[in-house]
Ligand code: SF4
């Protein structure tokens with residue numbers, strides 16, 4: 032268990048970053064188009080989460096270094112972009128990080144026009160998608176590993192990306208709300224902590240996130256049995272891989288994700304309506320939901336690496 | 034294209050002694066856990082019993098494998114650094130100066146040819162004893178096989194001499210890498226994909 | 005030059021009159037003792053490592069020197085050791101000779117190729133040591149060589165004075181074998197034998213742990229050791245039948261019997277049937293059919309087949325009448341009652357009144373009656389059939405009869421003494437008749453069976469000719485008081501019932517002094533009073549005789565490769581120093597150094613082998629070959645078969661004694677333990693812990709044997725990291741037996757009986773007969789705090805049980821239970 036810890040941390044964090052970035056984009060678009068709010072208003076809601084994405088991605092990239100036997104040679108990993116999905120992954124990863132950084136900077140300093148920043152964000156998101164795709168292709172392209180070389184790998188990576196991204200954004204929003212309230216209480220600031228419009232945006236977002244996570248959960252629970260079925264039809268290596276997805280750890284992972292994304296998603300949806308009066312329960316639920324899914328996905332990714340049984344000898 | 038080199042394995046002669054494995058280890062100073070040539074035992078079958086008597090109908094074979102210096106070296110394809118590369122003579126080798134030790138090639142190769150050496154922090158593998166060949170000597174495993182079950186040479190010549198079987202259990206589907214390997218199968222050998230046995234010594238391969 | 009040589013038989017065990025010189029031509033025996041143990045393992049770093057290939061090219065300092073692998077595997081390989089800066093950096097196989105039989109390249113097996121890790125093993129004993137705690141406590145003090153020599157010489161003198169020379173014993177050991185000076189076996193040819201003989205002699209032993217029962221069997225059946233047709237003679241056969249013979253795992257040299265049998269099969273493609281409880285690698289690589297049977301029931305299988313052959317009139321009556329005693333009642337010696345013949349035994353006309361039909365044999369052996377009938381017909385109607393046996397079938401309590409039954413099958417089918425046939429013994433092979441003037445006679449006549457030394461320590465004077473097989477004297481006068489254990493692990497690890505043996509040795513009022521000469525800290529060395537660090541053969545020069553290699557003779561001149569490591573010394577030097585203290589130095593050395601002895605031996609050998617190269621040339625070429633001269637046959641007993649009157653066997657009747665007159669007499673006169681019998685005929689005997697007992701024993705329902713494995717030669721080469729990695733210690737168990745006990749492949753299990761308990765990994769495999777487990781021979785005993793042997797030595801489970809005739813080690817006869825660990 033957790034033998035490939037650095038890889039688990041890297042992939043989960045990087046995917047979460049991409050997912051969160053995309054969800055933040057969705058919030059932006061939705062709040063402005065449907066909610067009719069200004070870019071500035073929405074930025075107030077999303078910016079803190081955006082900075083957290085940057086930190087998460089940085090942690091993931093740092094973790095990936097620990098996977099290398101000779102980190103001094105790390106620069107060489109970009110040499111084979113024309114053939115190696117791993118080179119491509121790193122290229123996309125660096126591009127995503129770079130663009131994300133630039134975008135965050137423009138947001139912070141409010142450089143350039145909103146439209147320009149929007150375009151930059153869209154480009155960054157696109158590169159993020161490229162990162163997740165290349166990341167999944169690293170595994171999906173390995174004919175030697177039946178548990179990986181299947182459509183299930185990109186599907187699962189996509190689910191992880193969006194699920195963790197959504198719930199992370201939800202938790203970040205509520206974290207921001209609570210933090211600002213505490214700030215306000217401490218300093219008795221006259222400014223309202225979070226204005227009603229923001230709260231409206233957040234509650235709408237949370238409802239969306241809850242719905243999305245339940246849908247993604249449903250998708251996950253469709254993909255897993257299909258994967259197991261595929262493995263059971265395969266050769267000895269595939270069957271051996273499938274054993275990894277049968278133990279207590281696997282059950283725990285399913286339970287955690289189910290609880291986090293399903294049950295809590297349900298409560299998030301319910302509490303979102305009552306957020307204005309008392310945001311605390313919602314903050315707790317959103318955080319716990321994220322935490323449970325995060326742990327569940329973390330275990331799931333560890334099992335994913337453990338399922339590496341090659342054909343041949 | 035220059036001559037492409039490969040290995041030959043006469044399975045009918047192999048008694049699973051692993052002299053090839055240890056000859057390789059001595060030649061390349063490989064520590065325990067880094068094993069460029071390995072031998073699997075593949076077997077199966079069943080027994081019948083009738084009262085106090087029993088009759089076997091079982092089978093077992095050995096398979097000695099190192100790097101097959103494949104036509105399509107997936108290890109080199111996936112290598113992000115180009116450290117894993119194929120030379121003009123078809124030999125697949127690691128360039129230590131480039132290798133980052135990410136172990137991606139290890140995942141990719143269904144013959145377990147690239148092996149990670151933790152002490153060095155990089156991948157290592159069979160290079161068909163390049164230095165020996167330059168001196169006109171046989172690779173260590175070939176020279177060390179007590180039963181003369183191994184041979185090496187230009188793959189065209191090996192195929193001409195020994196045929197073109199390269200897909201015997203527990204080896205993978207050769208379409209994945211197109212190995213430069215020729216096998217004379219044991220009478221109990223089963224074609225890849227239609228095997229009924231399992232690897233009996235999984236911890237040794 | 006004499007014919008094919010085979011297994012050596014010690015002079016007192018061979019009524020056939022095989023001369024000492026001819027037995028010295030033989031080289032290696034498998035079986036019993038050997039060396040080594042230790043808790044420490046080598047981790048990661050390779051001694052001598054670090055010389056990359058390119059560095060090697062650059063370094064002009066790399067030198068390649070011929071050495072050899074001198075262990076008891078039955079083969080013998082030259083090793084080319086590459087040395088840089090005084091360290092061995094590579095060990096290369098032979099690169100001379102070719103692929104043709106008779107001049108084949110003698111490529112070392114997996115063990116020889118790992119020699120570097122053995123040479124630089126962290127278990128090497130580095131300096132002389134004396135025990136300070138109780139025996140086996142593991143507490144030692146380092147002492148000087150002078151102190152060690154003085155103490156050993158004083159102890160020898162005192163014990164000779166107090167008890168006489170019969171109290172001195174050279175224990176059986178084969179850890180250094182094949183050399184001429186550095187030789188731990190046969191006992192008479194070790195330098196310690198020379199030393200002790202000059203000091204008045206020592207208690208002899210006869211036979212060895214490998215072949216004790218079959219040596220007894222040949223003595224009464226054929227009159228002495230003759231071997232069977234060599235394996236390359238299979239080309240003249242139309243069928244090959246091998247009982248428990250496994251050259252693919254026990255003769256692994258690339259110049260040895262695996263190569264001979266492989267090549268012969270490829271050329272002649274003769275159908276081969278392997279009869280064995282295991283689907284051995286020989287069954288896989290050489291066999292066309294595997295007949296699986298329960299251990300120790302080969303004699304019943306033969307009886308069942310004999311019934312078919314006799315009732316269907318398929319026996320070679322002419323051969324039996326002319327060349328054999330006791331096949332039928334008409335050919336029994338005078339004074340023996342009718343119904344005592346083999347035919348009567350088989351047909352149920354003998355005293356037991358039971359016909360040995362295939363239906364009788366089936367439940368005993370596990371082989372279906374139909375298979376027995378089919379085999380019998382095939383073997384009897386094919387001519388000629390090459391029949392031989394390995395040494396597993398005989399390593400049982402009923403081992404003499406097991407071996408004799410297989411000999412008898414050859415007589416029934418008339419295959420003895422013809423090309424493509426066989427005597428039923430193990431294959432013979434050609435050997436160079438090297439002389440050995442270094443060897444002298446032992447003036448003490450008394451001799452004990454090799455496995456009975458623990459009895460002789462415990463109760464020597466109770467042992468007589470008829471109750472313990474003592475030879476040379478009627479009764480031992482004194483117990484063993486002094487043991488010199490040279491390159492031997494048979495003091496503990498390779499002897500039966502390790503726990504009981506340790507109890508015996510712990511009492512130092514019984515055996516008062518144990519000296520162990522060894523290069524690694526073996527299980528046996530742990531129980532010594534004084535340990536002397538021996539050099540390996542890489543650290544000294546010797547002339548090595550060949551291994552079993554079909555039709556090829558060869559010898560190896562192994563040079564000194566490196567200086568002795570640590571404070572190790574050669575046995576020749578040790579013996580010289582002890583001789584000095586016993587005032588026999590001049591007699592011992594005859595003024596020669598070790599190298600001068602080797603030159604002397606080469607010169608003496610030139611009488612019989614005129615083409616032997618000069619010392620200097622030989623040193624350069626390392627290995628020198630001479631194929632079997634055409635006039636020397638490799639088909640034993642051809643002349644006897646042609647004219648038994650003119651060329652009688654050294655048996656009382658001069659014939660093959662299917663009915664042995666001597667055994668007939670011994671059956672009356674010998675005192676045997678409860679439950680044991682001696683029979684004049686090769687009857688199938690079910691005695692202690694047999695296959696038949698197993699099936700009615702609820703406590704210990706499984707038979708346990710100990711097959712020989714590639715990781716070690718007996719216990720030599722134990723704990724060598726590369727070898728442990730390549731061939732981990734796993735005990736074989738049938739899927740049915742494993743499933744019943746909830747054991748999966750590679751899981752740990754306990755194997756145990758009243759004598760001990762081991763913990764070992766399971767190889768769940770259908771390559772072994774149901775009801776039988778096999779714990780590979782030679783694993784190093786390693787008790788944990790609870791006394792469980794986590795090293796997994798089968799001898800934790802074996803007993804001191806001896807066979808009735810030759811008092812051989814019945815180490816494949818044991819019953820056990822298995823449970824999940
Ligand atoms: S153990 Fe025997 S076969 Fe192996 S190298 Fe040594 S002598 Fe040769």
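Protein chains in written order, with my numbering: chain A, 32 to 344; chain B, 34 to 238; chain C, 5 to 825.
Using N, Cα and C, we set each Cβ at its ideal position, and we do this for glycine too.
Chain C contact residues for residue i, given Cβ-Cβ distances below 7 Å
| i | result |
| --- | --- |
| residue 242 of chain B | This structure cannot speak to residue 242 of chain B, because chain B is shown only from 34 to 238. |
| residue 54 of chain B | 730 |
| residue 91 of chain B | 283, 770 and 771 |
Under 9 Å from the C-beta of residue i: neighbouring residues of chain A
| i | result |
| --- | --- |
| residue 94 of chain B | In chain order: nothing, as chain A lies at least about 12 Å away. |
Buried versus exposed call for residue i [16 or more other C-beta atoms within 10 Å across all chains shown]
| i | result |
| --- | --- |
| residue 177 of chain B | buried |
| residue 622 of chain C | buried |
| residue 220 of chain C | buried |
| residue 58 of chain B | buried |
| residue 670 of chain C | buried |
| residue 21 of chain C | Since pLDDT at residue 21 of chain C reaches only 31, below the 50 mark, its modelled position is unreliable, and no value is offered. |
| residue 691 of chain C | buried |
| residue 309 of chain A | exposed |
| residue 586 of chain C | buried |
| residue 260 of chain A | exposed |
Minimum Cβ-Cβ distance from residue i to chain B less than 9 Å
| i | result |
| --- | --- |
| residue 326 of chain A | no |
| residue 121 of chain A | yes |
| residue 419 of chain C | no |
| residue 114 of chain A | yes |
| residue 437 of chain C | no |
| residue 718 of chain C | no |
Contact test: residue i Cβ vs the ligand PLP heavy atom, cutoff 8 Å
| i | result |
| --- | --- |
| residue 98 of chain B | The ligand PLP is not part of the structure shown, which contains the ligand SF4 as its ligands. |
Beta carbon proximity, residue i to chain C, threshold 9 Å
| i | result |
| --- | --- |
| residue 119 of chain B | no |
| residue 37 of chain B | no |
| residue 108 of chain B | no |
| residue 136 of chain B | no |
For residue i, three-class secondary structure by DSSP
| i | result |
| --- | --- |
| residue 209 of chain A | helix |
| residue 122 of chain C | helix |
| residue 19 of chain B | Nothing about residue 19 of chain B can be read from this structure; chain B reaches only from 34 to 238. |
| residue 13 of chain C | The predicted position of residue 13 of chain C is uncertain, since its pLDDT is 35 and thus under 50; a value taken from the coordinates is nonetheless stated next. Residue 13 of chain C falls in the coil class under three-state DSSP. |
| residue 4 of chain B | Residue 4 of chain B lies beyond the residue range present for chain B, which begins at 34 and ends at 238; the question has no answer from this structure. |
When the options are compared against residue i, the one with the closest alpha-carbon
| i | options | result |
| --- | --- | --- |
| residue 292 of chain A | A:253, A:276 and A:194 | A:194 |
| residue 703 of chain C | C:519, C:757 and C:242 | C:757 |
| residue 765 of chain C | C:774, C:466, C:502 and C:778 | C:778 |
| residue 251 of chain C | C:457, C:553 and C:559 | C:553 |
| residue 322 of chain A | A:53, A:132, A:197 and A:258 | A:197 |
| residue 180 of chain A | A:186, A:172 and A:187 | A:172 |
| residue 266 of chain A | A:234, A:256 and A:174 | A:174 |
Chain B residues whose Cβ lies nearer than 7 Å to that of residue i
| i | result |
| --- | --- |
| residue 267 of chain A | 231 |
Proximity test, Cβ basis, 9 Å: residue i and chain A
| i | result |
| --- | --- |
| residue 68 of chain B | no |
| residue 217 of chain B | no |
| residue 204 of chain B | yes |
9 Å Cβ cut-off: residues of chain B touching residue i
| i | result |
| --- | --- |
| residue 98 of chain A | 134, 135 and 136 |
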